[in-house]
Amino acid sequence: MVVFGLVGRKLLRDELLKRCKERGNVRFLEGMVETVEAKEGSLQSIMTSEGVALHAKLVTMSTGHNRELLAYEEGDAPLWQTAYGIEIEMPDEEHPWEVDKAVFMDLSPPEAEEAEAGQKSEAAAQPWADVPSFLYVLPSHGRVFVEETCLVSETQLPFDELKRRLYRRLDRLGISLEGRKIVEEEASWIPLGGTLPKAPQPVLGFGAAAGLVHPASGYSIVHSLNLASPTAEAIVRGLADQPAGRHADPAWELLWGAESRRKMAFYQFGSELIAGLPTEHLQEFMRVFYALPPPLWEGFLSHRLPSPMLVPFALATFVLGNNDLRGDLLRQLFSAAGLKMLRAATYAPPAATEAPEEPSSVAKNAGASLTRAGMTIMRRSAPLQEPLDVVFRRGQLARLSQMGRGGGE
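Going from the sequence shown to my numbering is simple: count from 1 and add 84.
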């Protein structure tokens, strides 16, 4: 059985902070980290925007999709998942869904009636008109959460377009929002895939900052929570067994060793495949995906599918799919994503060395700025790579500009 739920972000944050306070050895400081320094053979230090200096044997960055204080590999820009949703107060008898039973990835086109009538709506002329989106529904007693989601695309669907599609769906279902209380409104964008953090590097990353978001689904919270205890144990080993400057190595190996890289390359392959599928082909992919034995598709979505099972997963998808999907799979296999997946399948980690590398080499390999021998410095004001929120906004502006020119070439 697969359980879906709506995460209360504030509730989760409050619960985690409460647990930290109950341990008695955790301090929580409001503010932004502006600078991180990792000096060979000594404590790491951070400086906050309020001018507070803190020192530690190991700094861990759990900064979400922010890429400003870690070093990342070079490579392609990420794909995107965008979503707009609302939670509505609504009596159970006034909507068509079964209470406590999720509707997962309803890919029926929001514009079905216009298409049937042969009409071309204004939305159909927009540059994102052919980008598929689907409906999530999480009904509970007296409330319904509905969300329109673009699963993965090179195009960042504007929130206004997702809202329009969602309201169009509700209208087709005979659900009016007039006079109803909207408990919460949610709009989110999630970068999917892209480059991984450089590993190892002196500062540790965790969660989305460490690339733990599933590139084909956008799921990350449960995966990160499952890795929290093993990562903490790896940190303890690193502090006990590794010299200063390499305390993070065991944790980085746990997060991005050979097995994790093989799986991520396969997930990235799936993500880029999905991003290129038109609606009809995506519907066929989803039909085949959920026709697979549950251990395969559940393992794929939960990050738990071991790499030896990736080949049976791919073969079963090919055999069960129609000719269109088989053609899509073959084309993707010979794409850059396919070659990356094949390289990852034969990836072998570099041989471990007993002694740390020379400080200058460590700094260069980590991608950090080297200001003097043995010290790496990360500055929020001068990140090593473009922050993803900047990439996202630039993509949105490019689409708006394209609209202003009449929808493209």
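Glycine included, every Cβ here is placed at the ideal spot set by N, Cα and C.
Predicted, not measured: the structure shown is a model, and the values here were computed from it.
For residue i, the three-state DSSP class (helix, strand or coil)
i	result
Glu364	helix
Arg103	helix
Tyr351	helix
Leu357	helix
Tyr251	helix
Glu178	helix
Glu470	coil
Glu173	strand
Between the CA atoms of residue j and residue i - distance to the nearest angstrom
i	j	result
Lys123	Pro223	52 Å
Arg415	Phe402	12 Å
Arg253	Glu171	15 Å
Gly115	Leu138	13 Å
Tyr220	Pro379	22 Å
Gly226	His179	10 Å
Trp336	Ile130	20 Å
Leu339	Ser237	26 Å
Ala293	Glu177	43 Å
Arg478	Arg107	43 Å
Leu90	Val228	11 Å
Ile461	Ala161	24 Å
Phe369	Arg427	25 Å
Arg464	Gln367	42 Å
Gly148	Gly291	7 Å
Gly258	Tyr251	11 Å
Gly302	Glu364	22 Å
Lys105	Leu311	21 Å
Gly422	Gly159	15 Å
Which residues DSSP lists as bridging residue i, in chain order
i	result
Thr119	Met131, Arg463
Arg415	Arg415 is not bridged to any residue.
Thr233	Ala167, Phe218
Thr144	Leu288
Ser224	Arg227
The alpha helix (DSSP H) enclosing residue i, as first and last residue numbers
i	result
Leu261	Where Leu261 is concerned, there is no enclosing alpha helix (DSSP H), given that its DSSP letter is neither H nor E.
Ala82	This structure gives no information on residue 82, because the portion of the chain shown stretches from 85 to 493.
Val403	394–404
Asp333	333–340
Phe384	378–385
Gly422	420–429
Where the beta strand (DSSP E) through residue i begins and ends
i	result
Asp190	187–190
message = My parser needs the alpha helix (DSSP H) runs of 4 or more residues fully inside the region 265–329; what are they?
response = As far as the region 265–329 is concerned, its whole alpha helix (DSSP H) runs of at least 4 residues are 305–325.
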